[in-house]
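My numbering numbers the first residue of the sequence shown as 1 and each following residue consecutively.
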Amino acid sequence: MPATVVAGNWKMNTTLNEARTLAGGVRDLAVNAAGVEVILCPPAISLAAVRDMVSGSGVKVGAQNLHHEDSGAYTGEISAVMLNGVCQYVILGHSERRQLFGETDQQVNLKVKAAFSHGLKPIVCVGETLEQRESGQAARVISGQVGAALDGVAPVDINGLIVAYEPVWAIGTGQAATPEGAAEIMGGAISETLHSLYGSSSAAVPLLYGGSVNAGNIVDFAGQSCIHGALVGGASLQADSFMDIVRLAGETKGAGS
Ligand code: PGA
1 MPATVVAGNW
11 KMNTTLNEAR
21 TLAGGVRDLA
31 VNAAGVEVIL
41 CPPAISLAAV
51 RDMVSGSGVK
61 VGAQNLHHED
71 SGAYTGEISA
81 VMLNGVCQYV
91 ILGHSERRQL
101 FGETDQQVNL
111 KVKAAFSHGL
121 KPIVCVGETL
131 EQRESGQAAR
141 VISGQVGAAL
151 DGVAPVDING
161 LIVAYEPVWA
171 IGTGQAATPE
181 GAAEIMGGAI
191 SETLHSLYGS
201 SSAAVPLLYG
211 GSVNAGNIVD
221 FAGQSCIHGA
231 LVGGASLQAD
241 SFMDIVRLAG
251 ETKGAGS
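Below is the structure:
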């Protein structure tokens, strides 16, 4: 059974001081996180401050992106080498990166390889658009994204991999997928693609649902056996509501018991 994981994607929100306050709030409530792997993904400029705030609490830290090269003339970019030691996780292939910044499957793949080669655990995001869903292509699109992101990644390297299913139409819209609809893709296209690539070791990969997750719907998502946690955007910006989600996910999955 994979670990229960709840990650907060703060996106381009919080100043340095706000990030410290939010991370401190999460840390203070982390006693309620029994058995759940809690990951905070602040803007890059706040990573070190958040790491220091949550130090010793068991709360982990993740970046929201990286550049696949180790160093060089890439103005504005941050590499896996730089993130190593500051955070343990990195969100890769988020649909906002794909849609707003033109990230391709090939770039996501290079980033995933860079993350693994520098000891970072990638949270690989996949998701179909509304148009793709309505034309019956969701499963094919998702399988393609998972396969492309992991192309050339050896089975020995998938230790630490997390896959997040975030339908584009459900992100930030208040219009979450149904738990059954999410489970159909996660237990279907995602699990099957991972299994075809990695065999039985794929069963240890935590699969997160993301897209308008809140304290009111997390129990229904976590109640699905193939959903092992959540990637939370908007509702991760308040420590108490985020930690409600963490607590409820842990209780529903029986984490730590
Ligand atoms: P949301 O974002 O929870 O605000 O929908 C989720 C995400 O994009 O990771």
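From the three backbone atoms N, C-alpha and C, an ideal C-beta is built for every residue, glycine too. Computed from a prediction, not measured in an experiment: that's the story for all the values here.
| Three-pair Cβ contact test at 8 Å for the region 162-178 versus the region 110-119 | no
| task | State the Cα-Cα distance for the pair L130 and T15, rounded to the nearest angstrom. | result | On the sequence shown, position 130 is the one that residue 130 refers to. On the sequence shown, position 15 is the one that residue 15 refers to. Approximately 32 Å, taken between the alpha carbons.
| Cβ shell of C226 (< 7 Å), same chain only, five flanking positions each side left out | As a first step, residue 226 must be located in the sequence shown, where it is residue number 226. Closer than 7 Å at Cβ, skipping near neighbours: A183, M186, G187, S191 and L207.
| task | Any chance you could list the beta strand (DSSP E) runs of at least 3 consecutive residues sitting entirely within the region 85-155, in chain order? | result | 89-92 and 121-126
| task | Could you pull out every residue in the same chain whose Cβ sits closer than 7 Å to the Cβ of R97, ignoring the five residues on either side in sequence? | result | Walking along the sequence shown from the start, residue 97 turns up at place 97. Correct list, in chain order: N65 and E103.
| message | I need the straight-line Cα distance from G25 to N84, nearest angstrom please. | response | Counting from one through the sequence shown, the residue named residue 25 turns up at place 25. Counting from one through the sequence shown, the residue named residue 84 turns up at place 84. Whole-angstrom Cα-Cα distance: 25 Å.
| message | So, does the region 167-180 touch the region 197-204, judging by three or more C-beta pairs under 8 Å? | response | no
| query | To the nearest angstrom, how far is it from the Cα of D157 to the Cα of G8? | reply | As a first step, residue 157 is located in the sequence shown; it is residue number 157 there, counting from the start. As a first step, residue 8 is located in the sequence shown; it is residue number 8 there, counting from the start. Their backbone Cα atoms lie some 24 Å apart in a straight line.
| query | Between L92 and the ligand PGA, is the CB less than 7 Å from at least one heavy atom? | reply | Locating residue 92 in the sequence shown gives position 92, where the first residue counts as 1. Not so, every heavy atom of the ligand PGA lies at least 7 Å from the Cβ.
| Whole-Å CB distance - V108 paired with A44, under 8 Å assumed | Position 108 of the sequence shown, counted from the first residue, corresponds to residue 108. Position 44 of the sequence shown, counted from the first residue, corresponds to residue 44. With a Cβ gap of about 18 Å, V108 and A44 do not count as contacting.
| query | According to the Cβ coordinates, are Q145 and A138 closer than 8 Å? | reply | Within the sequence shown, residue 145 is the residue found at index 145, counting from 1. Within the sequence shown, residue 138 is the residue found at index 138, counting from 1. It is not a contact, given that the beta carbons lie outside the stated cut-off.
| task | Report the rounded CA-to-CA distance for S55 versus V153, giving the unit in angstroms. | result | Translated into the one-based positions of the sequence shown, residue 55 becomes position 55. Translated into the one-based positions of the sequence shown, residue 153 becomes position 153. Cα to Cα, the separation comes out at about 31 Å.
| said: Using only CA atoms, which one of L40, L47, H94 and G62 lies nearest to V246? | reply: In the sequence shown, counting from the first residue as 1, residue 246 sits at position 246. Here the closest residue by C-alpha is L40.
| Straight-line gap, S79 to A249 (C-alpha atoms, nearest Å) | Locating residue 79 in the sequence shown gives position 79, counting from the first residue. Locating residue 249 in the sequence shown gives position 249, counting from the first residue. Approximately 32 Å, taken between the alpha carbons.
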